[in-house]
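Notes follow once the structure below has been shown.
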Amino acid sequence: MTVTTETTSLLSVRDLGKSFPGRRGRTGRRGAPVRAVDGVSFDVAAGESLGLVGESGCGKSTTGRLIVRLLEPTAGSVHFDGSDVSHLSASGMRPLRRHVQMVFQDPHSSLNPRQTVARVIADPLLVQGWGRTEARQRAAELMELVGLIPEHLDRYPHEFSGGQAQRIGIARSLATSPRLLVADEPVSALDVSVQAQIVNLMERLRRELGLAYVFIAHDLSVVKRVCDRVAVMYLGRIVEIGDKRAVYGSPLHPYTRALLSAVPLPDPVAERRRERITLAGDPPSPAAPPPGCTFHPRCPKAQAICRGERPLLRIGGPGERREVACHFPGD
Ligand code: SF4
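Below, the structure is given as structure tokens:
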């Protein structure tokens, strides 16, 4: 079961999976396949922002790349605006590329250093068949929209700071007037002082343009600011998903609680008093996930059933609009 938004979904992800071939050992035999994403389902309504959070290697970035089809799913489906786009050919994907765009983590490495900013931003429009003059005019408008000076269109990416380069990346992602942005750690490569500016910009753009976001981040305080709902991933699966206020206010999954206990609180007194939950060890390898609940080797609440029986994602409780995958949700 999946808690869906009340409005019709713009994006609908069902049982999405991605396995990579296992590494070859010394004998030349391949190890077990690595299930980077395993049975992930969620919906995003038009204008809604869903955060995907979790430790490094939990599958959140792979999920983002599956949505924009930078990777081919090995299971499940992705529907955009009611159409199944999971297995479209490159030419079949072209209309979708107009509506779904990606913002990358490292702005400088995602911009072609040999192209002027005008060309970088206009490129998606030229692919869509726009003329050069119209595309340049649109690039100038987009520079202004993201807080850059349109007269700098003929500069090259290395002439801009990291924050400015990310603004250029965002401008390019907006060129075709998309309805959904998949933002993969869009501020984590930036200085802390610049992060807030980019987060503010993304919030403003969402409001003004009615964009939907899948916002991928390991920083839960950033997700709290930008997102309406949040999905917590562990070892390729969603372990808790629901409205931001509910998940941040009273997390039901022990993993969510541990992640949130590490988020700094603005009030220094509350920060000193609060209890930090430290998880034992690192996440296990997705090539050899533990049986039962994959979180059990690190879970402070684990009991016998957790080692043998995998908990399914279920409604968290009466009246809840969220789901949790735990045999013992709540405190
Ligand atoms: Fe912990 Fe058991 Fe819940 Fe898994 S199912 S999170 S091991 S309590």
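Taking the working numbering, I'd label the letters of the sequence shown as residues 141 to 471. Glycine included, C-beta positions come from ideal geometry on N, C-alpha and C.
#1: Taking all protein chains shown into account, do 16 or more other C-beta atoms lie within 10 angstroms of the C-beta of M283, making it buried, or fewer, making it exposed?
#2: Within the same chain, show all residues whose beta-carbon is closer than 6 angstroms to that of V464, passing over the 5 residues directly before and after it, in chain order.
#3: For R175, which three-state DSSP category applies?
#4: Can you tell me whether R163 is buried or exposed, with buried defined as 16 or more other CB within 10 angstroms of its CB?
#5: Any heavy atom of the ligand SF4 closer than 7 angstroms to the Cβ of K441?
#6: Would you kindly report the start and end of the unbroken beta strand (DSSP E) that includes K200?
#7: Would you check whether the ligand SF4 has a heavy atom nearer than 7 angstroms to the C-beta of C446?
#8: Is the beta carbon of M115 sitting closer than 8 angstroms to the one on S313?
#9: Less than 7 angstroms separating the Cβ of C433 from some heavy atom of the ligand SF4?
#10: Are L206 and D183 touching if we call contact CB-CB under 8 angstroms?
#11: Considering only residues of the same chain and omitting the five flanking positions on each side of I338, which have a CB-CB separation below 7 angstroms?
#12: Using a Cβ-Cβ cut-off of 8 angstroms (strictly less than) and excluding sequence neighbours within five positions of P469, which residues of its own chain qualify?
#13: Answer yes or no: the CB of F423 versus the heavy atoms of the ligand SF4, is any distance below 7 angstroms?
#14: List, from N- to C-terminal side, the alpha helix (DSSP H) runs of 4 residues or more that fit wholly inside the region 283 to 316.
#15: Counting Cβ pairs closer than 8 angstroms, one from the region 235 to 252 and one from the region 194 to 213, do we hit at least three?
#16: Which residue's Cα is closest to the Cα of G157: L360, S181 and A230?
#17: How close, in whole Å, do the beta carbons of L190 and C433 come, if the pair is a contact with beta carbons under 8 angstroms?
#18: Identify, in the order they occur along the chain, each residue of the same chain with its Cβ nearer than 8 angstroms to the Cβ of S250, setting aside the five sequence neighbours on each side.
#19: Check whether the Cβ of P451 sits closer than 7 angstroms to any heavy atom of the ligand SF4, and report yes or no.
#20: Going along the chain, which residues of its own chain have a beta-carbon closer than 8 angstroms to the beta-carbon of R276, five neighbours each way excluded?
#21: Tell me whether the region 438 to 457 and the region 407 to 414 touch, counting them as touching only if at least three CB pairs, one residue from each stretch, are closer than 8 angstroms.
#22: Cβ of P430 within 7 angstroms of any heavy atom in the ligand SF4?
#23: Compare the C-alpha of R154 against each of P161, V362, F220 and G287 and name the closest.
#24: Exposed or buried, what is A352 when buried is set at 16 or more other beta-carbons lying within 10 Å of its beta-carbon?
#25: So, helix, strand or coil for S226, using DSSP?
#26: Do the CB positions of A427 and V174 come within less than 8 angstroms of each other?
#27: By Cβ distance below 8 angstroms, which residues in the same chain neighbour P437 in space, the five residues on each side in sequence not counted?
#28: For E188, count the other beta carbons within 10 Å of its own beta carbon; 16 or more makes it buried, fewer makes it exposed. Which is it?
#29: Please return the same chain residues whose Cβ sits closer than 6 angstroms to the Cβ of K200, not counting the five positions on each side in sequence.
#30: Fully enclosed by the region 224 to 268, which alpha helix (DSSP H) runs are 4 residues long or longer?
#31: Taking the straight line between their C-alpha atoms, what separation do you get for V334 and N340?
#32: Could you give the first and the last residue of the continuous beta strand (DSSP E) run that contains S189?
#33: Can you tell me where the beta strand (DSSP E) holding S152 begins and where it ends?
#34: Which first and last residues belong to the beta strand (DSSP E) in which S217 is found?
On the basis of the coordinates in this document:
#1: Residue 283 sits at position 143 when you count from the first residue of the sequence shown. Taking all protein chains in view, the Cβ of M283 is crowded by 16 or more other Cβ atoms within 10 Å, so the residue is classified as buried.
#2: The residue given as residue 464 occupies position 324 in the sequence shown. Excluding sequence positions up to five before and after V464, its CB lies within less than 6 angstroms of the CB of E380, L392, H393 and G456, all in the same chain and listed in chain order.
#3: For the purposes of this step, residue 175 is taken as residue 35 along the sequence shown, with counting starting at 1. In this structure, R175 counts as strand in the three-state DSSP scheme.
#4: Translated into the one-based positions of the sequence shown, residue 163 becomes position 23. Exposed.
#5: Numbered from 1 along the sequence shown, position 301 holds the residue referred to as residue 441. K441: yes, Cβ under 7 angstroms from the ligand SF4.
#6: Position 60 of the sequence shown, counted from the start, is the residue given in the question as residue 200. Per DSSP, K200 lies in no beta strand (DSSP E) segment; the continuous alpha helix (DSSP H) that holds it begins and ends at K200 to I207.
#7: Walking along the sequence shown from the start, residue 446 turns up at place 306. Result yes, Cβ under 7 angstroms from the ligand SF4.
#8: Given a span of 141 to 471 for the chain in the structure shown, any question on residue 115 remains unanswerable.
#9: Position 293 of the sequence shown, counting from 1, holds the residue named residue 433. Yes.
#10: Sequence index remark: in the sequence shown, residue 206 carries index 66 (1-based). Sequence index remark: in the sequence shown, residue 183 carries index 43 (1-based). The answer is no: Cβ separation not under 8 angstroms.
#11: Here residue 338 refers to the residue found at position 198 when the sequence shown is read from its first residue. By the criterion of a C-beta distance shorter than 7 angstroms, I338 is surrounded in its chain by G303, Q306, P326, V327 and L330, once the five residues flanking it on both sides are discounted.
#12: Looking up residue 469 in the sequence shown gives position 329. Excluding residues within five positions, the ones whose Cβ falls inside 8 angstroms are L392, H393, G456 and G457.
#13: Position 283 of the sequence shown, counted from the start, is the residue given in the question as residue 423. The sequence given here places Pro at residue 423; Phe does not occur at that position. P423: no, Cβ never under 7 angstroms from the ligand SF4.
#14: Listed in chain order, the complete alpha helix (DSSP H) runs (minimum 4 residues) inside the region 283 to 316 are 302 to 314.
#15: The answer is yes - the region 194 to 213 touches the region 235 to 252, with three or more Cβ pairs under 8 angstroms.
#16: As a first step, residue 157 must be located in the sequence shown, where it is residue number 17. The closest CA to that of G157, considering only L360, S181 and A230, is found on S181.
#17: For the purposes of this step, residue 190 is taken as residue 50 along the sequence shown, with counting starting at 1. For the purposes of this step, residue 433 is taken as residue 293 along the sequence shown, with counting starting at 1. The beta-carbon distance between L190 and C433, rounded to whole angstroms, is 24 angstroms. This is too long to meet the 8 angstroms contact definition.
#18: Counting from 1 along the sequence shown, the entry for residue 250 is found at position 110. Contacts found: F244 and G309.
#19: One-based indexing of the sequence shown puts residue 451 at position 311. Closer than 7 angstroms to some heavy atom of the ligand SF4: that describes the Cβ of P451.
#20: Indexing the sequence shown from 1 puts residue 276 at position 136. Non-local beta-carbon contacts of R276 in its own chain, meaning distances under 8 angstroms to residues more than five positions away in sequence, involve A258, A262 and L293 in chain order.
#21: Touching, no, given that fewer than three Cβ pairs across the two stretches are closer than 8 angstroms.
#22: The residue labelled residue 430 in the question sits at position 290 within the sequence shown. Placement of the Cβ of P430 at a distance of 7 angstroms or more from every heavy atom of the ligand SF4 is found.
#23: Your numbering for residue 154 matches position 14 in the sequence shown. Shortest Cα-Cα distance from R154 to any of P161, V362, F220 and G287 involves F220.
#24: For the purposes of this step, residue 352 is taken as the residue at position 212 of the sequence shown. Buried, because 16 or more other Cβ atoms sit within 10 Å of the Cβ of A352.
#25: Here residue 226 refers to the residue found at position 86 when the sequence shown is read from its first residue. DSSP places S226 in coil when its eight states are reduced to three.
#26: By 1-based counting over the sequence shown, the position of residue 427 is 287. By 1-based counting over the sequence shown, the position of residue 174 is 34. Yes, the Cβ-Cβ distance between A427 and V174 is below 8 angstroms.
#27: Here residue 437 is taken as the residue at index 297 of the sequence shown, counted from 1. Result list for P437: A420, G421, P424 and P430, in chain order.
#28: Along the sequence shown, one-based indexing puts residue 188 at 48. Buried, since its Cβ has 16 or more Cβ neighbours within 10 Å.
#29: Looking up residue 200 in the sequence shown gives position 60. Cβ neighbours of K200 beyond the five flanking positions: L192, G194, I356 and M373.
#30: The DSSP assignment places 230 to 239, 247 to 250 and 257 to 267 as complete runs of the alpha helix (DSSP H) inside the region 224 to 268, in order along the chain (cut-off: 4 residues).
#31: As a first step, residue 334 is located in the sequence shown; it is residue number 194 there, counting from the start. As a first step, residue 340 is located in the sequence shown; it is residue number 200 there, counting from the start. Cα to Cα, V334 sits roughly 10 angstroms from N340.
#32: Reading the sequence shown from its first residue, position 49 is the one you call residue 189. Element bounds for S189: S189 to V193.
#33: On the sequence shown, residue 152 is found 12 positions in, with the first residue counted as 1. Run containing S152: S149 to F160, per the beta strand (DSSP E) assignment.
#34: Stepping through the sequence shown from its first residue, residue 217 is reached at position 77. First-last of the beta strand (DSSP E) with S217: A215 to F220.
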